[in-house]
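A short worksheet on the structure shown next.
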Amino acid sequence: MSATASARARKAGPLADHRPAVLAALPAIAVLVIGIPWVQANHLWPFVVTGVTDGSIYALAALGLVLTFKTSGVFNFAIGAQAAASAYVFYSFRVDAGMPWPIAALLSLLLVGVVGSLVLERLALWLAEAPAVRRVVATIGLLVLLQSLLTGLYGTATIAFDDFLPTGLVEIGSVNVGVNQMIVVALAIVATIGLFLFFKSTRLGISMQAVVDDSNLLALQGTNPVKVRRYAWAIGSSFVSISGMLVAPAIGIDVNQLLVLFIAAFGAAAVASFSSLPLAFASAMVIGVSMNLLASQLTSNQNLTISAFYTQVPFLVLVAALALLPPRRLVERGARRVRRARPIRAFPRQAVYGTTATVVAVALLIPDLVGPGDLTQYTTGVGFVVIFMSLGLLLWTSGQISLCHMAFAAVGATSFAHAQHNGVPWLLAMLFAVAVTVPVGAIVAIPSFRLTGTYLAVITFGVGLLFQKLLYGTFLMFGKFDNQQVTRPDALNMSGDRGYYYLSLAVAGVCALAVVAVRRSRLGRLLRGLADSPVALDAHGANTRLTRLFVFCISAAMAAVGGVLIAGVTTSASGNPSGSFGYFNSLVMVAVLTFCGRQPLLSPIAAAFLFVVLKIYPPFDSGFFVDYQGVFFGALALAVAVVPGIARVQPSRRGALRTPEGGPVRARRDLQLRGAWV
Amino acid sequence: MTTGQLPDLTVENLTVRFGGLTAVNNVSLTAGSGSITGMLGPNGAGKTTTFNACTGVVPAWAGTLHLGDCRLNGRSTASRAAHGLGRTFQRMELFDSMTVRENVALGPEAAMSARRPWGQLFCPAKEAREIRSRTSTAIDLCGLGALANRTSGDLSTGQRRLVELARAIASPFRFLLLDEPSSGLDVQETEQFGAILRTFVAETGIGVLLVEHDMALVADVCTYIHVLDFGCKIFEGTTAETMSSDIVRAAYLGSEGVSAAAEGLAHA
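Protein chains in written order, with my numbering: chain A, 50 to 727; chain B, 4 to 271.
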């Protein structure tokens, strides 16, 4: 070893390999040393107890998330919806069917936890060799599907749910602690320790860690990877299901609320690098306690943003963890097995020109073909075409994932409104909106320098939520009334619906030309290279950070233009979560665009038609479709994501489904029978 | 030392560690310009890790890396490539959605895009002409003319290896690291590959460091060889010296294997 190396070894000392753990423990000890006397002095122990109970519920969900991600490489964005499903089913059995709670809970666990795990395990198997985008889209599709299904079946109102665990109180020190709280905490502690020991000391646990990296190698060692995955999903899904049932009495059952609440589990898992179970448990506790302590201090504040700040803790933890963790700790699981997507089919030039001419002609005739009421829907559709084009540029051309795209559109719409309020003319206000949104795109691009695939999807999801929960309600964006008024341009009769439609169409046409220009430029070639092999692009000297920065900025700018057009349709922009700029739309849009394909212009047009316009025509204008459209979009996205993987799974002679990994297991047994060994 | 403008690659006391595992331990080597230097070693010897450390894919824990007079330590992968250090990959890294011509062209285009801050947005006519010229030359040298408009994702392993080589040749690199470039090629393709490599080095004077398991190819094209085992350099010498070295044979076959082979030869 060289002198330098020896010196570094001496300097590093015996703790060199444990440095991350030591560094993580130091601030925790500091917080405890300062925090305990502060809590004692301010009589905040009841909040700590509630926080520990909440943290235990988040911990159970985080353990389920980490376990399934570790063993499949599939990040389950749908855990909030899964937990909600479990709570609703529990409610149905207990309240509607009048069953005793233990039986109702067991049935819910079996139905959502165990049966659900079989479905999820099968999906994960089909996604085993899928690129990150398809893995993300699959669970986003599942999330959209479940959210829509549960909202359709149970409504949007929060359902009150009585305590089912014993509610007696036990005095510990000077604090009364509920028996139900003690049971929840004990459950989380036992689950964490049990899982930790299981992973460390049992053959199945060790196999679970190996299965995602090389299931064939695992099979050669005589362990059936299908069985290993199935156990992992069963345990993980059961944990999520139990956490859903446990949280119901505290906050009631509301799928949309639970979706947001379970982001705490995402945050805890992120701090644990989606890998360490004890750290996930500890992080969940910290999130739970800090939320309750902040709530105790801030809820009386007059400012709504400050008083509700405690609800932002999970999103802040999620984004901060992913932004600060060293990239080496965020390994894209199963990446070695990924099969690259087939290239986009190139159509003959005549077909492209013919289709373009047809689409343009139909678009120009729309105001004469549809009624005045429907025309506004088409204009909104044109705005969404622009946003879908910008999303496609990011998703398909460059291989980057954005789950916060409507945040860009919202920044554009609100900047446009602010500029108009200050007397800026329409066109200049739009340019101002673009100028404001480009730096936002640049900031969101920064995580993409370090993170790819699933992790980039998770952090952009967190950014979208932060925008919705932290910034939408401020004076910078929609304001405390969640609304900004805008006006249409007066010139050339464009303030009317017909004129505004043509104006929107012209702007969308310019954006379409911009997309074509980008794709044909050097940047377009670099973006395609980035999507195919960032490593090769890097190794040939291209600054891939700059490439990512450019594509995020261009995409954000186009999304801002789309946001301006959408706001102009109703002459007001709303930051309501269920409105056009709601964070959930960013997820649904990724699902819809995936279903519509990877063509740069035709796919966005088809996606916008499906997403916005289709609902004005029978039978899609029915209340049933409106209630359950998420089920259709989610199912379609799920299908598009998993169908290529289904062909990989070969049907066995007995007719049962069998994976290719089954081969080596049988081969090994054959070799053993013949006395041979490899 | 450089021949004209072309640099040598110098690695001094390189150590690469992954946590508690030392993958490369105090390795020093020099690979000159205008020649093909081999790097041999059994699987897990640290050859690809050495390449990764040279190109900045993994950090060097200790040691220095120089391309000519340019110190490479601390630079990013892209910066090292911009200074002229190119490589191919053991697990091929092609732009699979592109045609062979587009693949090869994106090599020099990526390098040129880094010359100016806005270089990624615009391609000046002069650079476009240079890219076309470099692409055509590399495609012709590698005999890929008939495949130029095929999508690279549809090609056989051997053809894909040639595309990767052509892309590296087309790029304005001043030294090349080739990581098992003949892996997956049949005998005929390997011979063709060796001929292309020799022609390229003879015509350009660029130095090549070649990691390879195919002894026939190594013996055919390399002038000097470094041998690694368990992360340490165990031998260096001319091709003839390396091929006759007991140390090298022991590393590949194990000492028992060498004895058995020797006995086998004696019986024969």
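Positions of the beta carbon are idealized from the N, C-alpha and C atoms, including for glycine.
- DSSP, reduced to helix, strand and coil, places Phe-238(B) within a strand of the structure shown.
- With respect to chain A, the C-beta atom of Glu-96(B) has a partner C-beta closer than 8 Å.
- Those residues of the stretch 574–601 of chain A placed with their C-beta closer than 8 Å to a C-beta in chain B are Arg-574, Leu-575, Arg-577, Gly-578, Ala-580, Asp-581, Ser-582, Val-584, Ala-585, Leu-586, Asp-587, Ala-588, His-589, Gly-590, Ala-591, Asn-592, Thr-593, Leu-595, Thr-596, Phe-599, ordered along the chain.
- Residue Phe-498(A) holds the alpha-carbon nearest to the alpha-carbon of Asp-587(A) among Arg-569(A), Phe-498(A), Val-296(A).
- It is roughly 46 Å from the alpha-carbon of Gln-230(A) to the alpha-carbon of Ser-621(A).
- Here Gly-522(A) is actually not in contact with Tyr-632(A); their C-beta atoms are around 13 Å apart, not less than 8 Å.
- The beta carbon of Arg-398(A) does not come within 8 Å of any beta carbon belonging to chain B, so the residue lies off that interface.
- Counting C-beta pairs with one atom in each stretch, the stretch 168–176 of chain A and the stretch 99–109 of chain A have fewer than three that are closer than 8 Å, which means they do not touch.
- In the structure shown, Thr-207(A) falls within a coil segment according to DSSP collapsed to helix, strand and coil.
- At the C-beta level, Thr-643(A) and Val-224(A) stay beyond 8 Å of one another.
- Residue state for Asp-189(B) is assigned as coil, using DSSP reduced to three classes.
- It is roughly 8 Å from the alpha-carbon of Leu-200(B) to the alpha-carbon of Val-224(B).
- Going by beta carbons, Ala-482(A) and Ser-464(A) fall inside the 8 Å limit.
- Residue pairing for Phe-178(B): DSSP places it in a beta bridge opposite Leu-88(B), Gly-210(B).
- Within chain B, no C-beta atom comes nearer than 9 Å to that of Ser-324(A); the closest sits roughly 14 Å away.
- Under the Cβ distance rule, Ser-447(A) does not count among the residues neighbouring chain B, no pair being separated by less than 8 Å.
- Contact of Ser-570(A) with chain B is assigned, a C-beta pair being separated by under 8 Å.
- Within the stretch 227–256 of chain B, no residue has a Cβ lying closer than 9 Å to any Cβ of chain A.
- Bounds of the beta strand (DSSP E) holding Gln-534(A) are 532–534.
- Assignment of beta-bridge partners to Glu-220(A) by DSSP yields Asn-225(A).
- One finds Pro-392, Arg-574, Arg-577, Gly-578, Asp-581 in chain A with Cβ atoms closer than 9 Å to the Cβ of Met-101(B), taken in chain order.
- Where Ala-566(A) is concerned, the enclosing alpha helix (DSSP H) starts and stops at 546–569.
- Judged by DSSP in its simplified three-state form, Asp-232(B) adopts strand.
- Within the same chain, and ignoring the five residues on either side of Lys-50(B) in sequence, the residues whose Cβ sits closer than 7 Å to its Cβ are Met-42, Gly-44, Val-214, Leu-231.
- For Leu-43(B), the closest Cβ of chain A is not nearer than 8 Å.
- What Ser-116(B) touches in chain A, judged by beta-carbon distance under 7 Å, is Arg-571, Leu-575, Ala-591, going in chain order.
- Between Phe-125(B) and chain A, the shortest Cβ-Cβ separation is below 8 Å.
- Within the stretch 32–60 of chain B, contact with chain A at the beta-carbon level (separation under 7 Å) is assigned to Thr-58.
- Here Glu-206(B) is exposed, its C-beta having fewer than 16 other C-beta atoms within 10 Å.
- At a cut-off of 8 Å between C-beta atoms, Ser-174(B) counts as an interface residue with respect to chain A.
- Sequence-distant partners of Glu-192(B) (beyond 5 residues in either direction) whose C-beta falls short of 7 Å from its own C-beta, in its chain, are Gly-161.
- At a cut-off of 8 Å between C-beta atoms, Gly-110(B) counts as an interface residue with respect to chain A.
- Annotation for His-470(A): the continuous alpha helix (DSSP H) segment containing it runs 454–470.
- Proximity of chain A to Thr-80(B) at the Cβ level (cut-off 7 Å) is accounted for by Asp-587, Ala-588, in chain order.
- Using a Cβ-Cβ cut-off of 7 Å, Arg-135(B) is close to nothing in chain A; its nearest Cβ partner there is about 13 Å away.
- Of the candidates Lys-276(A), Val-637(A), Tyr-280(A), the residue whose Cα lies closest to the Cα of Tyr-677(A) is Val-637(A).
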